[in-house]
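Take a look at the structure set out below.
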Amino acid sequence: MEANPALQALDAELMQRLAERTALAAEQAHPGGRPDLIGAFETETLRQLLAAPHPSLRPATLVRIWRELMAEARAGHGGTLPTRIAVWPGRDAARAIDLARLRFGAASPLTLEAQPEAALAVARTEGGVAVLALDGERPWWGRLLAEPSLKVFAALPCLASLGDTAALAVGLAAPEPTGADLTFWVTDANWPAPAVVEALGRDGVAAERLAEAGGLKLFVLAGYYQNLDPRLARAPGRLSGVIGAAPAPFRV
């Protein structure tokens, strides 16, 4: 089959435009942080793109393309790309890697860690990203109560169509509200999880248990909450706190 000159020209133009967009994103990246990685900008941009009609492009494909473009932009802008993504995969390494790549793109170096503490150390000491599974009986998320500099800033998968939250991304982050968020809250309350959910609900907080181990329970709250919120101060438990927040998964 002979090459179609019109398609060749379109492909060349597409590649050129993608390169231009990536370069612009790199130029606009904040030199002192990673707003395109942990902030509201990328989420809001994707929401706007997903709200527009794209009759020949599936929403999930659009998200993947955009994530890869932003990953390339971070790779081309010194100081904004995490040195690496450290994954503690729990029981399913292949799935954990897929979820990390979907959210952070292929440009970042990725390593598998045998212990959650090792993954958290990458985030703490190297300024990288720790992606940690929620399966198993390792309450790694409880450690974040004692390390307020480390915060959950992304829930994986970032596409609702891929299933329930299976892993969380942690970094030296300051998560921002995006208008449709999830907050992650830990408590040592010895009540059954449904009783904690009911108590929070009476105070207007919609909650769901995500994990439980070692005398601690991890809940996801619908909305953006901070530690000083009086509703959480009234919640059951002597040792409790918010360990981060993330945009809600895209409904695609």
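Add 67 to the 1-based position in the sequence shown for my numbering, that's all there is to it. Where is the CB? At the ideal position from N, CA and C, for every residue including glycine.
- Inter-segment contact for the stretch 294-313 and the stretch 241-250 is present: three or more beta-carbon pairs are separated by less than 8 angstroms.
- Around the beta carbon of R170, a 10 Å sphere encloses 16 or more other beta carbons of the protein chains shown; the residue is thus reported as buried.
- In this structure, the alpha-carbon of E279 lies about 24 angstroms from that of D165.
- Excluding five sequence positions before and after L285, the CB atoms of its chain that fall closer than 6 angstroms to its own CB belong to W208, V253, L277, A278, given in chain order.
- Between L187 and L229 a beta carbon distance of about 24 angstroms is seen, past the 8 angstroms cut, so the two are scored as non-contacting.
- Rounded to the nearest whole angstrom, the CA to CA distance from A174 to A138 is 6 angstroms.
- Annotated three-state conformation of S216 is coil, per DSSP.
- Here DSSP, grouped into helix, strand and coil, assigns G311 to strand.
- Pairing G195 with A70, the inter-Cα distance amounts to about 44 angstroms.
- If you check the CB distance, V130 and V198 do not come in under 7 angstroms.
- Counting along the chain, E279 sits inside the beta strand (DSSP E) bounded by residues 274-280.
- For D165, the three-state secondary structure derived from DSSP is helix.
- In chain order, V130, W133, F317 place their CB closer than 7 angstroms to the CB of L113, counting only its own chain and leaving out the 5 sequence neighbours on each side.
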